[in-house]
Ligand code: ADP
Ligand code: 5GP
């Protein structure tokens, strides 16, 4: 039987690297994992739903809930766009017998790793090149020229942290990266 008790898996990557595609695959793979749904003050994208992809709240509500001690961690990932992990998410997921998987930014991920130590596996998803990242973000069709620039500027900063993660996965061919992530995480959950 898997020993998922209070374990966490942290997946980080520069925006556009394929993190969401890999996390979705893992969630559908039959592993005992459930996604920590973050709260955010950014605008909802057309295909996203509230409570599934994020809890979409205003910046004012976000600040109030920070002041109320409701977050394990939070970051202002982009200017005036807050993202954070609610403590209530962890209880909900562990009580259901699953390990928690986090899709968070690099600084948030490193903070969560520090908090959970050996109970956490931190994974960095790396794009082949920055140009490739730009093409993927353009292809996703979710960004304006301004948000594209913001995301690419931040990517260079995030790539400098890859060595601080337990494992690095290169996402060149998506199916290969998905399988590698599956193997790593299923091994970690069996430990
Ligand atoms: P992130 O969550 O890291 O921002 P996504 O999973 O949304 O990234 O991927 C960004 C875009 O790139 C999506 O349109 C996705 O379909 C595409 N993509 C992901 N991985 C690959 C890959 N290995 N090769 C080509 N396109 C990819
Ligand atoms: P997006 O706007 O593309 O959904 O997410 C932007 C960035 O915010 C991504 O790197 C994503 O992983 C990160 N993020 C999402 N939720 C959280 C969270 O709860 N905490 C932190 N620190 N980052 C988050």
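Residue numbers (the working numbering): 630 to 820. For each residue, glycine too, the CB sits at the ideal point set by N, CA and C.
Which class does residue i belong to by DSSP, given the choice of helix, strand or coil?
i	result
residue 688	helix
residue 779	helix
residue 675	coil
residue 662	strand
residue 650	helix
residue 697	coil
residue 809	helix
residue 727	coil
residue 634	coil
residue 657	coil
residue 816	helix
residue 737	helix
Within 9 angstroms (strictly less), CB to CB, does residue i reach chain C?
i	result
residue 675	The question asks about chain C, but that chain is absent: this structure has only one protein chain.
Note down, in chain order, each residue of its chain lying with its Cβ closer than 8 angstroms to the Cβ of residue i, except the 5 sequence neighbours on either side.
i	result
residue 740	702
Which residues does DSSP list as the beta-bridge partners of residue i?
i	result
residue 714	702
residue 732	640
residue 669	685 and 712
residue 707	710
Classify residue i: buried if its beta carbon has 16 or more other beta carbons within 10 angstroms, exposed otherwise.
i	result
residue 820	exposed
residue 800	buried
residue 638	buried
residue 656	exposed
residue 643	buried
residue 797	exposed
residue 756	buried
residue 674	exposed
residue 810	buried
residue 804	exposed
Looking only at its own chain, which residues have a Cβ that is under 6 angstroms from the Cβ of residue i, when we skip the five neighbours before and after it?
i	result
residue 640	648, 652, 732 and 752
Among the residues of its own chain, which have a CB less than 7 angstroms from the CB of residue i, if the five just before and after it don't count?
i	result
residue 686	668 and 670
residue 682	none
residue 631	Note that residue 631 scores a pLDDT of 48, beneath 50, so its modelled location is shaky and nothing firm can be said.
residue 646	754, 755, 756, 762 and 800
residue 650	803
> Residue ranges of each beta strand (DSSP E) run of no fewer than 3 residues wholly in the stretch 743-807, ordered along the chain?
Replying inline: You should have 749-755 and 796-799.
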